[in-house]
Amino acid sequence: MLQSIAIVGAGQAGFQVAASLRQEDYTGRLTLIGDEPGLPYQRPPLSKAYMLGKTDAEGLLFRPRKFFDEHDIAMVSGRAAAIDRTNRHVAMADGRTIAYDHLVLALGAHNRVLPVPGAALNGVFGLRTLADAAAVSQRLADARNVVVCGAGFIGLEFAAVARAQGCTVHVLELADRPKARAVSAETSTCFRKAHEARGVRFDFGEGLSHVEGRDGDVTGVATTSGKTLPADLVMVGIGVLPSVTIAAEAGLDIDNGVKVDGDLLTSDPAISAIGDCASFPSRHADARVRLESVQNAADQARCVAARLMGKPQPYAALPWFWSDQGDMRLQIAGLSQGADATVVVGDRAGRQFSVLCFRGDQLLAVESVNKPGDHMAARKLLGRMPSLTAREAAQTGFDLRAFEAASRQ
Ligand SMILES: Cc1cc2nc3c(=O)[nH]c(=O)nc-3n(C[C@H](O)[C@H](O)[C@H](O)COP(=O)(O)OP(=O)(O)OC[C@H]3O[C@@H](n4cnc5c(N)ncnc54)[C@H](O)[C@@H]3O)c2cc1C
Numbered sequence: 008m009l010q011s012i013a014i015v016g017a018g019q020a021g022f023q024v025a026a027s028l029r030q031e032d033y034t035g036r037l038t039l040i041g042d043e044p045g046l047p048y049q050r051p052p053l054s055k056a057y058m059l060g061k062t063d064a065e066g067l068l069f070r071p072r073k074f075f076d077e078h079d080i081a082m083v084s085g086r087a088a089a090i091d092r093t094n095r096h097v098a099m100a101d102g103r104t105i106a107y108d109h110l111v112l113a114l115g116a117h118n119r120v121l122p123v124p125g126a127a128l129n130g131v132f133g134l135r136t137l138a139d140a141a142a143v144s145q146r147l148a149d150a151r152n153v154v155v156c157g158a159g160f161i162g163l164e165f166a167a168v169a170r171a172q173g174c175t176v177h178v179l180e181l182a183d184r185p186k187a188r189a190v191s192a193e194t195s196t197c198f199r200k201a202h203e204a205r206g207v208r209f210d211f212g213e214g215l216s217h218v219e220g221r222d223g224d225v226t227g228v229a230t231t232s233g234k235t236l237p238a239d240l241v242m243v244g245i246g247v248l249p250s251v252t253i254a255a256e257a258g259l260d261i262d263n264g265v266k267v268d269g270d271l272l273t274s275d276p277a278i279s280a281i282g283d284c285a286s287f288p289s290r291h292a293d294a295r296v297r298l299e300s301v302q303n304a305a306d307q308a309r310c311v312a313a314r315l316m317g318k319p320q321p322y323a324a325l326p327w328f329w330s331d332q333g334d335m336r337l338q339i340a341g342l343s344q345g346a347d348a349t350v351v352v353g354d355r356a357g358r359q360f361s362v363l364c365f366r367g368d369q370l371l372a373v374e375s376v377n378k379p380g381d382h383m384a385a386r387k388l389l390g391r392m393p394s395l396t397a398r399e400a401a402q403t404g405f406d407l408r409a410f411e412a413a414s415r416q
């Protein structure tokens with residue numbers, strides 16, 4: 008058995024690998040290193056329930072402190088500055104060293120910053136951490152005019168919250184539709200219309216040119232086409248970059264994240280990498296991917312814990328994801344990259360439908376809007392690599408749940 012396992016990054020993936028190792032009866036030394044204050048917490052509610060005041064910081068915690076004490080998980084607070092692969096230890100920024108027999112990198116990702124004048128003014132935010140969310144929600148309490156830069160998941164979730172708080176909300180997006188890289192045109196259109204019906208305004212093909220301010224505070228934005236919009240809060244949601252610095256400096260292979268193989272091992276067999284920071288070969292995409300989701304972080308953590316406990320299995324979990332925007336819930340099963348045909352089933356006008364995404368005769372992914380039953384059926388179906396063609400799905404009366412149930416027999 009490995010004498011000591013160290014984990015860098017105490018987010019979704021880091022917490023889960025520690026918890027799973029103890030669940031698998033790992034009895035060696037277990038150290039969880041994190042550079043955020045406090046105990047590990049869930050990020051998804053930051054742009055939803057927490058921002059709406061429906062939960063507080065304590066409600067976000069994965070587990071209370073006594074869990075870490077009872078499971079003998081040593082929490083080390085601070086930034087890991089370097090990895091000494093020869094001597095197998097992590098060097099902390101404050102000079103401490105932490106030895107390992109195996110190291111798990113769960114470094115997550117950080118927000119892309121907007122390289123425009125005025126981006127450092129008070130009232131311009133990104134949203135990644137609890138500290139970000141606390142500062143945003145404080146500002147939101149008195150805000151009237153909100154500009155969101157980027158119509159991705161976090162931008163749109165925040166737009167729904169800000170609108171629900173009574174602010175005017177203007178979303179700028181360089182692409183021609185929301186979430187253009189992540190979802191089908193049908194799903195995009197549905198979400199655009201739902202946000203517009205609530206009063207959110209969109210400008211597509213439009214970016215942020217600079218942020219205007221007075222006395223250090225944001226007062227408005229200028230767009231790339233020369234418009235000016237008043238703003239006392241600007242949310243920048245233009246994506247994230249994987250956090251790879253210590254891995255790259257230690258000489259590990261990097262390829263849109265820390266590069267791992269099908270077992271989630273880096274180019275050093277004593278180091279694994281998981282979650283938002285890792286790119287891996289996915290059997291669901293026939294390509295190397297890096298995913299940013301709770302499912303991926305948690306399932307990769309369980310996969311690594313099992314391997315370290317002598318039960319290796321290549322990572323093969325089906326990707327799935329969700330996003331809540333006002334009263335709309337989007338759930339995605341599978342990966343739709345490369346899809347060349349879509350079939351919509353259900354009630355599009357009533358905003359309860361699923362979009363089945365195909366490449367040739369292969370079902371790649373299912374996007375479900377307010378259809379949790381379809382989503383669960385899609386997860387089961389895609390996990391079995393189903394035989395379903397776009398022509399079959401397009402037949403009148405096709406029902407995804409019934410098809411999934413029948414395909415089990
Ligand atoms: C606002 C928001 C809403 C989201 N909503 C959803 C959702 O609805 N559905 C969904 O599936 N996913 C959602 N996500 C994404 C999901 O939260 C992430 O995919 C998940 O947290 C990734 O887990 P991780 O452990 O890889 O990274 P993280 O949770 O980011 O954890 C990484 C941790 O490592 C720390 N770290 C990095 N480098 C060092 C170092 N050198 N030393 C010490 N510590 C270090 C970081 O500070 C961080 O605490 C959301 C994310 C955000 C920010």
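Numbering (the working numbering), first residue to last: 8 to 416.
Glycine is no exception: its CB is placed at the ideal position from the N, C-alpha and C atoms.
Return helix, strand or coil for I14, following the three-state DSSP convention.
If you number the sequence shown from 1, residue 14 lands on position 7. Strand, per DSSP.
From the DSSP output, in three-state form, read off E374 for me.
Along the sequence shown, one-based indexing puts residue 374 at 367. DSSP places E374 in strand when its eight states are reduced to three.
Check: P249 C-beta below 6 Å from any heavy atom of ligand 1:
For the purposes of this step, residue 249 is taken as residue 242 along the sequence shown, with counting starting at 1. Because no heavy atom of ligand 1 lies under 6 Å away, the Cβ of P249 does not count as near it: no.
Three-state secondary structure assigned by DSSP to D474:
The question about residue 474 has no answer here: the residues shown for the chain are numbered 8 through 416.
Distance between S394 and G269 (C-alpha atoms, nearest Å):
Mapped onto the sequence shown, residue 269 falls at position 262. Mapped onto the sequence shown, residue 394 falls at position 387. Here the alpha carbons of S394 and G269 stand approximately 25 Å from one another.
V243 beta carbon less than 7 Å from that of L128:
Reading the sequence shown from its first residue, position 121 is the one you call residue 128. Reading the sequence shown from its first residue, position 236 is the one you call residue 243. Result no, Cβ atoms of L128 and V243 do not sit closer than 7 Å.
Under 7 Å between C-beta atoms of A20 and A113:
Stepping through the sequence shown from its first residue, residue 20 is reached at position 13. Stepping through the sequence shown from its first residue, residue 113 is reached at position 106. It is a contact, given that the beta carbons lie within the stated cut-off.
Look at the Cβ atom of V97, then the Cβ atom of A81, and state whether they are nearer than 7 Å.
Translated into the one-based positions of the sequence shown, residue 97 becomes position 90. Translated into the one-based positions of the sequence shown, residue 81 becomes position 74. It is not a contact, given that the beta carbons lie outside the stated cut-off.
Output yes or no for whether 7 Å exceeds the beta carbon distance between A158 and V178.
Here the question's residue 158 lines up with position 151 in the sequence shown. Here the question's residue 178 lines up with position 171 in the sequence shown. Yes, the pair counts as a contact, with Cβ atoms nearer than the cut-off.
Can you give the Cα-Cα distance for F165 and G246, rounded to whole angstroms?
If you number the sequence shown from 1, residue 165 lands on position 158. If you number the sequence shown from 1, residue 246 lands on position 239. So the alpha carbons of these two residues sit roughly 14 Å apart.
Go ahead and label A413 buried or exposed: buried means 16 or more other beta carbons lie within 10 angstroms of its beta carbon, across all protein chains shown.
Along the sequence shown, read from residue 1 onward, the residue named residue 413 stands at position 406. With fewer than 16 other Cβ atoms within 10 Å, it is exposed.
Looking only at its own chain, which residues have a Cβ that is under 6 Å from the Cβ of I40, when we skip the five neighbours before and after it?
Sequence index remark: in the sequence shown, residue 40 carries index 33 (1-based). Setting aside the 5 residues that flank it on each side, I40 is surrounded in the same chain by V15, V83 and A87, each with a C-beta closer than 6 Å to its C-beta; the list follows chain order.
Heavy atom of ligand 1 less than 6 Å from the Cβ of F287, yes or no?
One-based indexing of the sequence shown puts residue 287 at position 280. F287: no, Cβ never under 6 Å from ligand 1.
Using 10 angstroms around the beta-carbon of E65, count the other beta-carbons present and answer buried if the total reaches 16, otherwise exposed.
Translated into the one-based positions of the sequence shown, residue 65 becomes position 58. Exposed, by the Cβ-count rule.
Nearest neighbour of F211, chosen from P185, L272, A189 and K234 [CA to CA]
Taking the first residue of the sequence shown as position 1, residue 211 is located at position 204. The shortest C-alpha separation from F211 is found at P185.
Measuring from the CB of V301, is there a heavy atom of ligand 1 at a distance below 6 Å?
The sequence position of residue 301 within the sequence shown is 294, counting from 1. True, at least one ligand heavy atom lies under 6 Å from that Cβ.
Could you spell out the range, first to last residue, of the alpha helix (DSSP H) harbouring H382?
Numbered from 1 along the sequence shown, position 375 holds the residue referred to as residue 382. Where H382 is concerned, the enclosing alpha helix (DSSP H) stretches over P379 to G390.
Q302: first and last residue of the uninterrupted alpha helix (DSSP H) it sits in
For the purposes of this step, residue 302 is identified with residue 295 of the sequence shown, where counting begins at 1. Q302 -> alpha helix (DSSP H) spans V301 to L315.
Distance, Cα to Cα, R295 vs I281?
Taking the sequence shown and counting its residues from 1, one reaches residue 295 at position 288. Taking the sequence shown and counting its residues from 1, one reaches residue 281 at position 274. Approximately 14 Å, taken between the alpha carbons.
Check whether the segment 190-203 and the segment 104-118 touch, using three or more Cβ-Cβ pairs below 8 Å as the test.
Look at the beta carbons and you see the segment 190-203 not touching the segment 104-118: under three pairs across the two are nearer than 8 Å.
Roughly how many angstroms lie between the CA atoms of S191 and A292, to the nearest whole one?
Locating residue 191 in the sequence shown gives position 184, where the first residue counts as 1. Locating residue 292 in the sequence shown gives position 285, where the first residue counts as 1. Those two C-alpha atoms are separated by around 16 Å.
Less than 6 Å between the CB of A166 and some heavy atom of ligand 2, yes or no?
Among the ligands modelled here, namely ligand 1, ligand 2 does not occur.
Report all residues from its chain with a CB closer than 6 Å to the CB of R408; omit the five preceding and five following residues, and keep chain order.
As a working note, residue 408 is residue 401 in the sequence shown. Only G380 and A384 meet the Cβ criterion.
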